[in-house]
Amino acid sequence: MFFEEDIGVDLGTASVLVFKKGKGIVLHEPSVVAIDRNTNRIIAVGEEARLMLGRTPGHIVAIRPLKEGVIADYDTTEKMLTHFLRKVLGKRMFFKPRVIVCIPTGATDVEERAVRQATLSSGARQSYIIEEPLAAALGAGINISGATGNMVVDIGGGTSDIAVLSLGGIVCNTSLRIGGDKFDESIIRYVRREYNLMIGDRTAEELKIQVGTAWVTDTNRDRVMDIRGRDLLTGLPKTVQISSHESWHAMQEPLAAVIEGVKKVLEITPPELAADIVNNGIVMTGGGSLLDGLDTLLSHETNLPVHIAEDPVSCVAMGTGKALHEMKTLQRARGGKPPKRIM
Ligand SMILES: Nc1ncnc2c1ncn2[C@@H]1O[C@H](COP(=O)(O)OP(=O)(O)OP(=O)(O)O)[C@@H](O)[C@H]1O
Ligand SMILES: [Mg+2]
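Per my numbering, the very first residue in the sequence shown carries number 3; after that it's consecutive.
Structure representation (structure tokens):
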């Protein structure tokens, strides 16, 4: 009965996904909150608030309480989490759920405690933490309890988690505070530098998704998109055309950083596991893995096969759900004591 209420949360920089046992993904909303500065009250949460980003009148601010994969604004994160949990569970929280939340590997103890606190004060009976690469691997359908090595590269909005897993644990890893947001920022900087045009975050993200590429080919190099912003010289609205090739140019810095991170983890991977990865290849998850050509670039740079998980955006949330399924076994293994941290 109680187990029916168990839920898994992917508390991401870009979006929050909630997985409910037996139901699948029941919520997928951007991690944005709109607040009225005068009254300090929340006006909107999630998609509704996202539409307000960069468009609010003075006293209303639309903020993203998580930055670079960790909690930047504790109060607002807690309120956002409460809002989403209520939405999923309904007001009548008769049976308090057990909640498992996924955090990036780079999160500090303080940040981890903050997430647990936010979950508990949102009405969870028990709160568990799972690291993002483990959840991502579980969600991608990798058998992580086996003795073979697997490499998962999860590129989110705020962070890139790169990890080698074996026997249900992380053998070596790195967590870079570089993700889709940094790709957007580098596009904004490029357009300002080359065209004296100031564009917003959403425009940059749209450009990245529509024509952005990490690997220029003859077929994609000339794809273009019109983007609008404010001309920094005249102060007036202006439209310019940006090509895929330019987007590639613009994103060089964050792309190189991700590749370097993957290479660093490969360098410290024990040889037996490295041999496994040659066979199994690298699995990419997270919304950032959808960037056109990123799999090709990574494969080219590492000489390894690269696969994108089936549903990269939902992977982590689905993985938290799978971890919930395994909770009973885990609990038994620990003499009935519930683990605070899964695996
Ligand atoms: N088709 C696409 N092409 C390129 N980037 C994309 C695409 N779709 C989504 N993204 C990017 O993926 C990122 C969001 O990914 P995801 O939802 O996995 O992040 P998150 O889990 O919320 O963040 P984090 O794990 O860092 O906390 C955003 O930066 C978004 O722009
Ligand atoms: Mg994520």
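Heads up, the beta-carbon is just placed ideally off N, CA and C, and yes, glycines get one too.
Closer than 7 Å: residue i CB and nearest ligand 2 heavy atom
i, result
"residue 117", "no"
"residue 318", "yes"
"residue 186", "no"
"residue 313", "no"
"residue 12", "yes"
"residue 31", "no"
"residue 156", "yes"
"residue 288", "yes"
"residue 80", "no"
Opposing strand residues paired with residue i [DSSP bridges]
i, result
"residue 12", "19 and 104"
"residue 128", "100"
"residue 249", "Paired residues: none, contrary to the question."
"residue 176", "164"
"residue 284", "153 and 308"
"residue 73", "68"
"residue 62", "38"
"residue 231", "240"
"residue 200", "232"
"residue 2", "A query on residue 2 cannot be resolved here, the shown segment of the chain reaching from 3 to 345 and no further."
"residue 171", "168"
"residue 133", "105"
"residue 215", "294"
"residue 27", "21"
"residue 47", "35"
Local Cβ density within 10 Å of residue i, reported as buried at 16 or more and exposed below that
i, result
"residue 186", "buried"
"residue 195", "exposed"
"residue 294", "buried"
"residue 7", "buried"
"residue 52", "buried"
"residue 67", "buried"
"residue 87", "buried"
"residue 36", "buried"
"residue 123", "exposed"
"residue 175", "buried"
"residue 112", "exposed"
"residue 280", "exposed"
"residue 258", "exposed"
"residue 277", "exposed"
"residue 147", "exposed"
"residue 184", "buried"
"residue 12", "buried"
"residue 312", "exposed"
"residue 346", "Outside the modelled stretch of the chain, which goes from 3 to 345, sits residue 346, for which no answer is possible."
"residue 214", "buried"
"residue 152", "buried"
Residue i: CB within 7 Å of a non-hydrogen atom of ligand 1
i, result
"residue 37", "no"
"residue 260", "no"
"residue 189", "no"
"residue 214", "yes"
"residue 205", "no"
"residue 292", "yes"
"residue 211", "yes"
"residue 161", "yes"
"residue 134", "yes"
"residue 182", "yes"
"residue 307", "no"
"residue 325", "no"
"residue 16", "yes"
"residue 48", "no"
"residue 321", "no"
"residue 67", "no"
"residue 71", "yes"
Residue i Cβ short of 7 Å to ligand 3 heavy atom set
i, result
"residue 106", "As for ligand 3, it is missing from this structure, which binds only ligand 1 and ligand 2."
With three or more C-beta pairs closer than 8 Å as the rule, is the segment 112-120 touching the segment 183-192? no
The segment 289-308 in contact with the segment 151-167 per 3-pair CB rule at 8 Å: Three or more beta-carbon pairs separated by less than 8 Å link the segment 289-308 to the segment 151-167, which places the two stretches in contact.
Whether or not the segment 313-324 and the segment 207-225 are in contact is what I'm after, with contact meaning three or more pairs of Cβ atoms, one per stretch, closer than 8 Å; do they touch? Contact annotation: the segment 207-225 does not touch the segment 313-324, with fewer than three C-beta pairs closer than 8 Å.
On the three-pair Cβ rule with 8 Å, is the segment 126-141 touching the segment 94-110? yes
Quick one: any contact between the segment 27-35 and the segment 59-78, if contact means 3 or more CB pairs under 8 Å? Contact holds: three or more Cβ-Cβ distances are below 8 Å.
Just checking, does the segment 220-231 make contact with the segment 160-179 on the three C-beta pairs under 8 Å criterion? no
Counting beta carbon pairs with one atom in the segment 267-278 and one in the segment 231-250, are three or more of them shorter than 8 Å? no
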